[in-house]
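In the working numbering, the protein residues as written are 6 to 117.
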């Protein structure tokens, strides 16, 4: 079965009803509930960092979402290993002309 990568953009769109992409993310989640999603520890870090600045309720919702992601059978959270981090740092160094974060670079490595 096809797997997709769930990036920070997707999860924040699901989390925040005021996000411009909230409805599209909900539609995808509703229409494809069995499609396995892969994400990373770094994406979870970014979700929680986003929620940290949005008030107590959003912090609660963000934490609940991230804990649920780790329990959900159709979601695989890839943990950062020293090897994955090193590959991400290498890609980051090769793409200094881009606006990629380290999490973006590690996500690209995981997607490959």
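Glycine residues also receive a C-beta, built at the ideal position from the N, C-alpha and C atoms.
Quick caveat: nothing in here was measured; it's all calculated off a predicted structure.
Query, Result
"Coil, strand or helix - residue 9 by DSSP", "strand"
"According to DSSP, residues forming a beta bridge with residue 45", "83"
"Ordered list of beta strand (DSSP E) runs contained in the region 12-67, each at least 3 residues", "42-45"
"Stretch-stretch touch, CB-based, cutoff 8 Å, three pairs: the region 32-42 with the region 92-111", "no"
"Top-ranked residue by Cα proximity to residue 43, from 87, 109, 12, 64", "12"
"Beta-carbon spacing of residue 85, residue 60 below 8 Å", "no"
"Integer-rounded CB distance, given that residue 45 should sit under 8 Å from residue 83", "5 Å"
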